[in-house]
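There are 2 protein chains.
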Amino acid sequence: MNARPSSKILAAPALYEQVAERLRTRIFAHELPQGGWIDEQALAVEYGISRTPLREALKVLASEGLVVLKPRRGCYVTELSEQDIDEVFPVMALLEGRVAEEAARRATSADFARLTTIHAELEKHAAANNADRFFEANQRFHAALQEIAGNRYLAQLIDDARKVIKLTRRDSLRLEGRLKQSLAEHRTILEALRLKDPALAGQRMHEHLLSGRAALAKLATAG
Amino acid sequence: MNARPSSKILAAPALYEQVAERLRTRIFAHELPQGGWIDEQALAVEYGISRTPLREALKVLASEGLVVLKPRRGCYVTELSEQDIDEVFPVMALLEGRVAEEAARRATSADFARLTTIHAELEKHAAANNADRFFEANQRFHAALQEIAGNRYLAQLIDDARKVIKLTRRDSLRLEGRLKQSLAEHRTILEALRLKDPALAGQRMHEHLLSGRAALAKLATAG
DNA sequence: AGCCATGATACTGCATCCATAATTATGAAT
DNA sequence: ATTCATAATTATGGATGCAGTATCATGGCT
Chain A
102 MNARPSSKIL
112 AAPALYEQVA
122 ERLRTRIFAH
132 ELPQGGWIDE
142 QALAVEYGIS
152 RTPLREALKV
162 LASEGLVVLK
172 PRRGCYVTEL
182 SEQDIDEVFP
192 VMALLEGRVA
202 EEAARRATSA
212 DFARLTTIHA
222 ELEKHAAANN
232 ADRFFEANQR
242 FHAALQEIAG
252 NRYLAQLIDD
262 ARKVIKLTRR
272 DSLRLEGRLK
282 QSLAEHRTIL
292 EALRLKDPAL
302 AGQRMHEHLL
312 SGRAALAKLA
322 TAG
Chain B
102 MNARPSSKIL
112 AAPALYEQVA
122 ERLRTRIFAH
132 ELPQGGWIDE
142 QALAVEYGIS
152 RTPLREALKV
162 LASEGLVVLK
172 PRRGCYVTEL
182 SEQDIDEVFP
192 VMALLEGRVA
202 EEAARRATSA
212 DFARLTTIHA
222 ELEKHAAANN
232 ADRFFEANQR
242 FHAALQEIAG
252 NRYLAQLIDD
262 ARKVIKLTRR
272 DSLRLEGRLK
282 QSLAEHRTIL
292 EALRLKDPAL
302 AGQRMHEHLL
312 SGRAALAKLA
322 TAG
């Protein structure tokens with residue numbers, strides 16, 4: 102069957118890419134549980150496709166670190182150990198810090214206006230205590246910074262790292278008080294950007310990320 | 102044909118992985134030229150395999166950034182623009198700097214002895230003006246640092262970045278005087294490690310990488 | 001003479017099929 | 001009853017086949 106043919110609006114992505122995206126969504130939703138076996142046949146039947154594009158999609162996900170391919174054994178959703186998280190977050194903090202630094206150097210007044218708009222949404226959703234929308238706006242804020250920083254390779258690495266982190270079932274924004282804390286940190290970052298102080302922006306962003314990891318750690322003990 | 106079956110010494114890598122590795126080698130050797138089209142059929146015939154594992158290998162290389170997949174058009178070796186290089190190197194410098202920093206914190210005396218040994222080889226090959234061996238020893242030095250730093254994710258990113266950089270046909274070590282300069286920089290890095298000064302080691306490594314990029318830039322103008 | 005249309009060619013992308021290896025189930029022996 | 005050996009089942013990995021589309025060449029038209 103395979104979606105309606107009318108979906109071919111300007112260069113349809115390859116089937117394996119569509120499949121990869123669907124699988125990512127399911128993995129992030131933890132619908133496919135960590136460490137769980139991925140049944141190629143079942144998925145192929147479910148998607149109404151053959152195993153070929155599915156297997157190609159899995160190769161892609163494997164190089165993204167979302168699944169592990171055990172030769173002759175099959176494919177499993179990656180399990181993140183506490184150590185893994187402790188390795189990824191500092192790198193993420195480093196990269197995001199760099200983005201903030203560069204963004205502070207390059208941001209035009211138009212860029213700053215855009216960031217301010219997004220930040221206003223963060224304030225709104227935090228006030229409403231809406232973690233989902235806050236999360237979404239947060240993503241857009243970081244994405245905007247990446248664009249302003251203007252280093253696509255750096256942005257790519259951050260996106261990849263974010264995918265890995267999303268493997269965790271825990272969501273620090275759900276932690277009591279974390280949402281407000283995150284907002285406060287964002288305020289200081291925006292302030293540093295406004296001051297056009299690259300070092301300060303980088304430093305605060307760096308701390309912001311590490312603060313996120315600490316929140317995650319609290320969740321681990323709390324259950 | 103497919104290598105001798107006797108090569109199954111303890112968990113043979115999947116065929117697509119072997120193919121990916123062979124392709125990487127050919128790409129780095131510029132045997133497959135930048136921007137060049139990759140003929141799936143011809144390669145499959147040459148390797149004596151079907152197109153299936155070959156295509157899977159290409160998916161992996163694509164997510165490594167070594168090739169680009171144009172839907173319905175085929176696969177092409179990635180072309181690095183000057184801008185791409187200017188985006189990758191600063192990130193590389195950032196990551197390698199971090200590795201050096203962490204390594205300075207964690208290195209035991211045994212680790213330091215190992216680094217000293219490798220550095221001695223660098224000195225030797227630099228004296229002999231042997232760029233190939235210098236390059237190889239240089240790789241081992243950086244690999245050793247990564248291991249000492251103990252962050253596998255960080256190491257992974259560096260390895261990936263290094264692959265991208267290797268796409269360039271230019272080799273800065275061939276530049277007159279660069280080999281000696283690189284050696285001198287290595288000396289200062291080792292010195293910082295010996296002093297167990299993380300900040301200094303990180304800073305010097307960072308500069309070392311940027312210095313490498315500058316050398317590459319000179320090569321660009323020199324031809 | 002140059003340009004556009006039409007047809008031939010060739011390659012990509014997906015499906016299907018097959019061989020091999022791993023896992024599980026069954027049964028026998030200790 | 002437990003354990004080990006053996007057979008059946010199932011899934012992975014690779015090969016082959018086929019449909020759809022992009023590219024290239026040839027020929028007609030302006």
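Heads up: the sequence lines are chains A and B, in that order.
Note that the working numbering numbers the first sequence so that position 10 is 111, with each residue one more than the last.
Note that the working numbering numbers the second sequence so that position 81 is 182, with each residue one more than the last.
Where a beta carbon is used, it is the ideal one built from N, C-alpha and C, also for glycine.
Cβ-Cβ separation, residue j to residue i (assumed contact under 8 Å), whole Å
{"i": "VAL168 of chain A", "j": "LEU159 of chain A", "result": "6 Å"}
{"i": "PHE186 of chain B", "j": "LEU317 of chain B", "result": "The displayed chain sequence assigns Ile, not Phe, to residue 186 of chain B. That belief holds up - the Cβ atoms of ILE186 of chain B and LEU317 of chain B are roughly 7 Å apart, short of 8 Å."}
{"i": "ALA302 of chain A", "j": "ALA205 of chain A", "result": "4 Å"}
{"i": "ILE266 of chain A", "j": "VAL189 of chain A", "result": "6 Å"}
{"i": "ALA121 of chain A", "j": "LEU181 of chain A", "result": "Wrong, their Cβ atoms sit about 19 Å apart, outside the cutoff."}
{"i": "LEU280 of chain A", "j": "ALA227 of chain A", "result": "5 Å"}
{"i": "ALA300 of chain A", "j": "GLU202 of chain A", "result": "7 Å"}
{"i": "VAL178 of chain B", "j": "PRO134 of chain B", "result": "7 Å"}
{"i": "ARG207 of chain B", "j": "ALA244 of chain B", "result": "Not a contact, Cβ separation roughly 15 Å."}
{"i": "ILE219 of chain B", "j": "ARG199 of chain B", "result": "In fact, because the Cβ distance is near 20 Å, the residues do not count as touching under 8 Å."}
{"i": "SER164 of chain A", "j": "SER164 of chain B", "result": "4 Å"}
{"i": "LEU216 of chain A", "j": "LEU291 of chain A", "result": "6 Å"}
{"i": "LEU223 of chain A", "j": "HIS287 of chain A", "result": "6 Å"}
Chain-ordered neighbours of residue i on chain A, where CB pairs are closer than 7 Å
{"i": "ALA318 of chain B", "result": "The contacting residues do not exist; ALA318 of chain B stays about 17 Å from chain A at best."}
{"i": "SER164 of chain B", "result": "VAL161, SER164, GLU165"}
Cβ neighbour criterion (16 or more within 10 Å) applied to residue i
{"i": "ASN230 of chain A", "result": "exposed"}
{"i": "LEU296 of chain B", "result": "exposed"}
{"i": "ALA130 of chain B", "result": "exposed"}
{"i": "GLN343 of chain B", "result": "Missing from the structure shown is residue 343 of chain B; chain B here goes from 102 to 324 and no further."}
{"i": "ARG44 of chain A", "result": "This structure cannot speak to residue 44 of chain A, because chain A is shown only from 102 to 324."}
{"i": "GLU277 of chain B", "result": "exposed"}
{"i": "ARG152 of chain A", "result": "exposed"}
{"i": "ASP261 of chain A", "result": "buried"}
{"i": "ARG125 of chain B", "result": "buried"}
{"i": "ALA321 of chain B", "result": "exposed"}
{"i": "GLY45 of chain B", "result": "Absent from the model: residue 45 of chain B. The displayed extent of chain B is 102 to 324, so no value can be given."}
{"i": "ARG173 of chain B", "result": "exposed"}
{"i": "ALA232 of chain A", "result": "buried"}
{"i": "ALA323 of chain A", "result": "exposed"}
{"i": "ALA194 of chain A", "result": "buried"}
{"i": "LEU310 of chain A", "result": "buried"}
For residue i, the residue or residues it bridges with in DSSP
{"i": "ILE139 of chain A", "result": "A:CYS176"}
{"i": "LEU331 of chain A", "result": "Residue 331 of chain A is absent from the structure shown; chain A starts at 102 and stops at 324."}
Where residue i meets chain B, residues with beta-carbon distance less than 8 Å
{"i": "TYR63 of chain A", "result": "Missing from the structure shown is residue 63 of chain A; chain A here goes from 102 to 324 and no further."}
{"i": "GLU188 of chain A", "result": "ASN252, ARG253, TYR254, LEU255"}
{"i": "GLU157 of chain A", "result": "ARG156, GLU157, LYS160"}
Neighbouring residues, chain B, relative to residue i (Cβ below 9 Å)
{"i": "PRO114 of chain A", "result": "PRO172"}
Closer than 7 Å at the beta carbon, the chain B residues around residue i
{"i": "LEU195 of chain A", "result": "LEU195, ARG199"}
Contacts of residue i in chain A (Cβ-Cβ under 8 Å)
{"i": "LEU258 of chain B", "result": "VAL192, LEU258"}
Notebook entry, point to check: Does the region 128-145 of chain B come within contact of the region 122-140 of chain A, defined as at least 3 CB pairs closer than 8 Å?
Noted result: no
Check: Would you call the region 221-237 of chain B and the region 150-165 of chain B touching, i.e. three or more CB-CB distances under 8 Å?
Finding: No contact exists between the region 221-237 of chain B and the region 150-165 of chain B.
Item checked: the region 252-262 of chain A / the region 211-218 of chain A touching (three or more Cβ pairs under 8 Å) -> no
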